[in-house]
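Residue numbers (this note's numbering): 59 to 304. We put the CB at the ideal spot given by N, CA and C, even for glycine.
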């Protein structure tokens with residue numbers, strides 16, 4: 059019987075590792091709510107999905123992702139709201155982006171600076187996925203759900219693992235199509251992230267916190283140096299699901 063598994067967990071917790079076991083050993087098809095997100099953002103900045111997904115540089119501000127490099131004026135409009143709280147600067151920067159003309163009440167240095175500032179792939183992707191496509195007038199709340207729904211419906215006899223369930227609407231969607239939710243915990247990583255937020259004083263993006271306490275059907279513990287055990291746990295749980303479905 060078909061299985062659909064949605065994976066929850068912090069970035070780097072091991073969701074993709076668990077999914078790889080299901081794909082390589084049990085024939086699941088991997089899919090993600092962010093698959094289309096990466097492609098859209100890559101096209102908008104004239105770069106590649108691989109560039110945006112490079113984990114070594116995902117947190118680092120990079121010039122190719124400056125708003126001035128983006129071809130989507132709609133995204134720039136939304137992104138400026140997160141780039142600066144100064145309404146006059148936002149308006150001046152958007153006007154300059156659209157027309158190439160500076161406004162007299164905001165300096166050229168500030169106007170060009172907010173557009174040319176290097177941005178990290180994570181900042182760009184989070185804004186594209188949430189503030190732009192889900193919460194602005196240029197998208198709608200189920201935008202990413204519809205992409206996954208279409209892919210799953212196109213192959214009705216296949217099992218799927220969705221690797222990036224980050225929001226409640228995504229979790230409810232997985233359950234609504236007959237799926238189950240699995241969370242991957244990695245205690246050492248969670249401790250490091252908490253310590254970093256305490257030092258920097260920066261709040262995590264909603265995509266990283268909204269499902270922290272959301273109920274799941276099963277929880278995997280990814281201990282450091284215990285990948286073999288994690289693999290066995292994933293296989294055992296998938297087998298349990300098969301027996302339960304039968």
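Opening and closing residue of the alpha helix (DSSP H) in which residue i lies
{"i": "residue 83", "result": "73–84"}
{"i": "residue 88", "result": "Note, residue 88: premise wrong, no alpha helix (DSSP H); beta strand (DSSP E) at 87–89."}
{"i": "residue 66", "result": "First-last for residue 66: 62–66, but that is the beta strand (DSSP E), not the alpha helix (DSSP H)."}
{"i": "residue 188", "result": "It is not in any alpha helix (DSSP H) - residue 188 carries neither H nor E in the DSSP assignment."}
{"i": "residue 152", "result": "145–157"}
{"i": "residue 100", "result": "92–102"}
From the options, residue whose alpha carbon lies closest to that of residue i
{"i": "residue 197", "options": "121, 209, 169 and 95", "result": "95"}
{"i": "residue 121", "options": "71, 173, 129 and 73", "result": "173"}
{"i": "residue 69", "options": "280, 144, 131 and 87", "result": "280"}
{"i": "residue 72", "options": "272, 145 and 287", "result": "287"}
{"i": "residue 268", "options": "230, 296, 88 and 236", "result": "230"}
{"i": "residue 128", "options": "152, 115, 143 and 117", "result": "152"}
{"i": "residue 107", "options": "170, 138 and 183", "result": "183"}
{"i": "residue 204", "options": "89, 59 and 85", "result": "89"}
{"i": "residue 143", "options": "253, 243, 228 and 168", "result": "168"}
{"i": "residue 272", "options": "227, 294 and 177", "result": "227"}
Span of the beta strand (DSSP E) around residue i
{"i": "residue 277", "result": "276–279"}
Close-in-space but distant-in-sequence residues of the same chain around residue i (CB under 7 Å, 5 per side omitted)
{"i": "residue 74", "result": "221"}
{"i": "residue 117", "result": "178 and 180"}
Expected contact under 8 Å - CB spacing of residue i and residue j to nearest Å
{"i": "residue 241", "j": "residue 219", "result": "That pair is no contact at about 14 Å."}
{"i": "residue 164", "j": "residue 150", "result": "4 Å"}
{"i": "residue 292", "j": "residue 81", "result": "Their Cβ separation, rounded to whole angstroms, is 11 Å, which puts residue 292 and residue 81 out of contact at 8 Å."}
Within-8 Å CB hit, residue i to chain C
{"i": "residue 97", "result": "Of the chains in the structure shown, none is chain C; there is only one protein chain."}
For the stretch 109–142, list the beta strand (DSSP E) runs that are entirely contained and at least 3 residues long, ordered along the chain. none
Which parts of the stretch 209–268 are runs of the alpha helix (DSSP H), unbroken and 4 residues or longer, counting only runs that do not cross its ends? 226–234, 245–258 and 264–267
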